[in-house]
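J.: Let me begin by handing over the structure; questions about it come next.
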Amino acid sequence: MAVKIRLQRHGKKNFAFFHIVVADSRAPRDGRFIEQLGSYNPNTNPATIILDGEKALKWLNVGAQPTLVARRILSYEGVLLRKHLDGGIAKGALTQEQADAKWNAWKAERDAKIAAKKAGLVKDAADKAKVALEAEKKVNAERAEALAKKAEELAEAQRKAAEEAAAAKAAEEAAAEAAPDAPAEA
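Residue 12 is where the sequence shown starts when you use the numbering used here, and the numbers rise one by one after that.
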């Protein structure tokens with residue numbers, strides 16, 4: 012029986028997540044499987060991978076073939092490196108202590124890369140928020156300036172209208188005083 016380590020799709024349209032499973036290669040993609048090894052969610056940044064490395068290593072050692080994406084996930088999680096180191100121990104090229112030291116060094120380096128990526132994402136988000144805040148402050152200042160200018164123009168127009176009304180009223184009163192009461196024509 013040809014056994015594959017592959018992904019089994021779950022989730023909504025355009026928002027999939029996957030179970031990492033061991034299945035007969037002739038079984039349908041989302042059909043029957045032998046054992047579930049973990050899950051993979053590419054929707055988060057960085058992608059979330061939960062994997063039982065010991066089970067995956069056991070299946071690789073008995074001949075299960077990972078698909079391309081499953082191979083990348085196993086490599087990212089260090090299962091393929093662990094298999095390689097175990098092969099070196101079996102051949103006598105490495106001791107268990109040397110293999111463990113290499114494994115721990117690789118694991119620490121990978122964890123540091125992941126932490127750096129997460130920190131970079133947080134920093135980028137903060138920078139974007141800061142830029143957006145500055146742009147919003149600039150827009151608000153321009154709006155406040157435009158409103159102040161408009162209010163000043165309105166006050167100037169009202170002052171001119173009041174002066175013109177006062178001048179017209181004064182002219183009307185002067186004309187009324189200058190002209191004697193004319194008899195009304197009948």
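Note that CB positions come from ideal geometry on N, CA and C, so glycine has one too.
Terminal residues of the continuous alpha helix (DSSP H) containing Asn151?
T.: 107-189
J.: Please classify Arg37: does DSSP put it in a helix, a strand, or coil?
T.: coil
J.: Go ahead and pull the three-state DSSP assignment for Gly49.
T.: It is a strand residue.
J.: Which residues does DSSP list as the beta-bridge partners of Gly89?
T.: None, per the DSSP bridge assignment.
J.: Quick check on this structure: which residue in Pro57, Leu79, Glu46 has the alpha carbon closest to the alpha carbon of Lys66?
T.: Glu46
J.: Given a threshold of 16 other Cβ atoms within 10 Å of its Cβ, counted over all protein chains shown, does Arg93 qualify as buried or as exposed?
T.: buried
J.: Classify Arg83 as helix, strand or coil using the three-state DSSP reduction.
T.: helix
J.: Which of the three DSSP states, helix, strand or coil, is assigned to Lys23?
T.: strand
J.: Given that a residue counts as buried once 16 or more other Cβ atoms are within 10 Å of its Cβ, and exposed if not, what is Ala85?
T.: For clarity, residue 85 is Leu in the given sequence; the question names Ala instead. Its Cβ being crowded by 16 or more others within 10 Å, Leu85 is buried.
J.: If we count the other Cβ atoms within 10 Å of its Cβ and call it buried at 16 or more, is Glu120 buried or exposed?
T.: exposed
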